[in-house]
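What follows is a single structure, written as structure tokens, with notes after it.
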Amino acid sequence: MALTRRELLNAGGLALLAGAAAVSSARYPAPRRLGEPFSLGVASGEPTADGVVLWTRLAPDPLAPDGYGGMTMAPVTVDYEVAEDERFARVVARGSALATREYGHSVHPEVAGLAPDRWYFYRFRAGSAVSPTGRTRTAPAPGAATPRMRFAFASCQSWSSGYFTAYTHMAAEDLDLVVHLGDYIYESSWVLGRVGAEDVPPQLVDEAVDLAGYRLRYALAKGEAPLRAAHAAFPWLVTFDDHEVDNNWAGTYPGLGTDIYRLRPFFRRRRAAAMRAMYEHQPLRLAQLPSGASLRMHRRYRFGDLAEFTMLDTRQHRDRQACGDGSAVVGCAERGSPDRTILGAPQREWLIDGLARSTARWQILGNQVAMARSDYDPGPDLLLGTDAWDGYLADRDAVLGAAAARGGTDLVVITGDRHENYVAALRPDYDRPDSPVVGTEFTGTSISTGGDGADMTPTGRTLLAANPDMSFYNKQRGYARVELDHARWRNDFRVVPYVSCPDAPISTRATFVVEAGVPGAVPATTADGTLPATDGTAQPGGPPGCAPA
């Protein structure tokens, strides 16, 4: 049953307050023997002052090889409720959404009319089956006095590389929001790093290139209880990087994947499938519904007068990587071409205009690839990768120059991709020693990609030696936890000692702070001015006697 964008909206893209008429008058009953349709959990996201978007997908057999999750061709009416209490005694919104085969029987009802700055509970029903309960919250009203917020950011979760234990700990945190910066799935063929997970279904071994393949990757990820728990605990803001489609893809150009899909017509088909699968599995609004191979992912969300989140898209609109596939190269004059872009001109102007107009205390850019210079040669040469902002100097200079023009010392960029924790100062011109620091970049490590990791590596020592603006490096797995108020940004790097086995403990490896109005980040200090002892220790590999899961 194919639906137009307008029909999808009318069928369940909006939610109504309690007591209002149903969004869709037609009812499509669930199959009598549906099994457990909510195997992939529930989620919420895109919080505004008066609402959120909710998500679930009906999938009683989530790893069915055809990618349809064990559902029939028939549409199913999915009901939802939003309440002020976990027992649903005070329901404030309810409605229904239509789950169709075309969109993998996923639903994305947009709930409006809620009170600002409030926690709510929600759940779904399909036939007699009731989903797990999720918890979400609305943002404070734009400009409203907001004393504090807490959020976490994460990225890079390769299922085959290790367990998602970090999400178990994230779900237990006191957070208002989670930001995911990309590589939610990995399209690549199997590289097993988990103990006790050797029996891989054949439909998951090869690289994902079509809609069924991408759906299976998302189903595999969401089959992880820690990830489902983190989604159910908080609203999320998400974007994508490269592995949701193809390693190192750039605009209309394929990346490093399967040979036939390196041909641009085949890649466009592949990219369309990947975008569709992403929309089907994330709490995204109708505004993010893909149109062919494209969807709009750059957008803004305001949290009172305290913070504005600007989610960037550094993949869809970029030029192809300079001087090769994005690997680190010496020289490469092409990087400095004024015509090269990582954002595309419309997004770049939208970003700069937003930085100039915003009155929020903290400007937060949700960014996929490293913005600060990352030189991999401690000698006189510059050895720079071209898949990151180092390959697109004109855009970096324009964005950071705009931050400098507005006195942008309260600009913070949060970044994924690298599978490393580090802190770096942002300057509008890295070739000028007197170029001012205009912001801070916190790069967060992976959830699992790269395996167990280490506290320090030879690459880390090289980066610290070659980049005076980089002040911290660590390559353990985990996420970053942020607490901010009008005076200070506090960033805790939360790490686990291993991911090859489940149930790893969590610890804070390091804490850095940014004082409002003061450029750059510094290590947190105790009351007497000394650096606090970290409670994280590097532990290579799994724990002694690690047993199969």
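Following UniProt numbering, the numbering of the sequence shown begins with 1 at its first residue and continues without gaps.
All residues carry an ideal CB built from backbone N, CA and C; glycine is no exception.
None of these values were measured; they are calculated from a predicted model.
Q.
In this structure, how does DSSP classify A521 when only helix, strand and coil are distinguished?
A. Residue numbering aside, residue 521 sits at position 521 when the sequence shown is read from its first letter. A521 falls in the coil class under three-state DSSP.
Q | Sequence-distant residues of its chain with Cβ nearer than 6 Å to A112 (five each side left out) | A | Sequence index remark: in the sequence shown, residue 112 carries index 112 (1-based). Counting only Cβ-Cβ distances below 6 Å, and skipping sequence neighbours, we find D50 and G51.
Q. Beta-carbon separation of residue 554 and F309 under 7 Å?
A. This structure cannot speak to residue 554, because the chain is shown only from 1 to 549.
Q.
Just to confirm the assignment, what range does the alpha helix (DSSP H) spanning Y218 have?
A. Position 218 of the sequence shown, counting from 1, holds the residue named residue 218. Residues L211 to K222.
**Q.** Whole-angstrom distance between S44 and T440, CA atom to CA atom
**A.** Position 440 of the sequence shown, counted from the first residue, corresponds to residue 440. Position 44 of the sequence shown, counted from the first residue, corresponds to residue 44. Spanning the alpha carbons of T440 and S44 requires a straight line of approximately 29 Å.
Q) Any idea which residues DSSP pairs N474 with across the strands? A) Counting from 1 along the sequence shown, the entry for residue 474 is found at position 474. Its beta-bridge partners are N421.
Q: For the alpha helix (DSSP H) holding F153, just list the boundary residues, first then last.
A: To locate residue 153, count along the sequence shown from 1; it is residue 153. Segment R148 to A154 is the beta strand (DSSP E) holding F153; no alpha helix (DSSP H) there.
(Q) Excluding the 5 residues flanking D395 on each side, which residues of the same chain have their C-beta closer than 8 Å to its C-beta? (A) Here the question's residue 395 lines up with position 395 in the sequence shown. R340, T341, I342, L343, R348 and W389, listed in sequence order.
Q. Would you call S337 buried or exposed, if buried means 16 or more other Cβ atoms sit within 10 Å of its Cβ?
A. Translated into the one-based positions of the sequence shown, residue 337 becomes position 337. Counting Cβ neighbours within 10 Å, S337 comes out exposed, since fewer than 16 surround it.
Q) With which residues is G236 paired in a DSSP beta bridge? A) Working through the sequence shown from its first residue, we reach residue 236 at position 236. The question names Gly, yet the displayed sequence has Trp at residue 236. Partner(s): G45 and V178.
Q | Distance between beta carbons of R270 and V205, contact taken as under 8 Å | A | Position 205 of the sequence shown, counted from the start, is the residue given in the question as residue 205. Position 270 of the sequence shown, counted from the start, is the residue given in the question as residue 270. Incorrect: roughly 18 Å between the Cβ atoms, too far for contact.
Q: Report yes if the C-beta distance between A466 and P378 is below 7 Å; otherwise report no.
A: Locating residue 466 in the sequence shown gives position 466, counting from the first residue. Locating residue 378 in the sequence shown gives position 378, counting from the first residue. Taking 7 Å as the Cβ cut-off, A466 and P378 qualify as a contacting pair.
Q: Going by DSSP, name the residue or residues bridged to Q363.
A: Position 363 of the sequence shown, counted from the start, is the residue given in the question as residue 363. Bridge partners of Q363: E308 and L411.
Q) So, is P468 buried or exposed, given that buried needs 16 or more other C-beta atoms within 10 angstroms? A) On the sequence shown, residue 468 is found 468 positions in, with the first residue counted as 1. With a threshold of 16 other beta carbon atoms within 10 Å, P468 falls short and is exposed.
Q) Say the cut is 6 Å; is the CB of V191 nearer than that to a heavy atom of the ligand ADP? A) This structure lacks the ligand ADP, and indeed carries no ligand of any kind.
(Q) Output needed for P201: all residues of its chain with C-beta closer than 7 Å, excluding positions within five of it in sequence on either side, in chain order. (A) Position 201 of the sequence shown, counted from the start, is the residue given in the question as residue 201. Result list for P201: L63, in chain order.
Q: Assuming Y120 and V76 form a contact by the criterion Cβ under 8 Å, report the distance between their Cβ atoms to the nearest whole angstrom.
A: Reading the sequence shown from its first residue, position 120 is the one you call residue 120. Reading the sequence shown from its first residue, position 76 is the one you call residue 76. The beta carbons of Y120 and V76 sit about 24 Å from each other, so the pair does not count as a contact at 8 Å.
Q: For the alpha helix (DSSP H) holding G460, just list the boundary residues, first then last.
A: Reading the sequence shown from its first residue, position 460 is the one you call residue 460. For G460, the enclosing alpha helix (DSSP H) covers residues P458 to A466.
(Q) If I measure Cβ to Cβ from Y430 and keep anything under 6 Å in the same chain, skipping five residues before and after, which residues do I get? (A) Within the sequence shown, numbered from 1, the residue matching residue 430 stands at position 430. Cβ within range, chain order: R373.
Q) Exposed or buried, what is T359 when buried is set at 16 or more other beta-carbons lying within 10 Å of its beta-carbon? A) The count along the sequence shown starts at 1 and reaches residue 359 at position 359. Exposed: under 16 other Cβ atoms inside 10 Å.
Q) Residue range of the alpha helix (DSSP H) that Y167 falls in? A) Within the sequence shown, numbered from 1, the residue matching residue 167 stands at position 167. Going by DSSP, Y167 is part of the alpha helix (DSSP H) stretching over T165 to A171.
(Q) Whole angstroms are fine: how far does the CA of H108 sit from the CA of E46? (A) Here the question's residue 46 lines up with position 46 in the sequence shown. Here the question's residue 108 lines up with position 108 in the sequence shown. Each residue's Cα considered, the two are about 11 Å apart.
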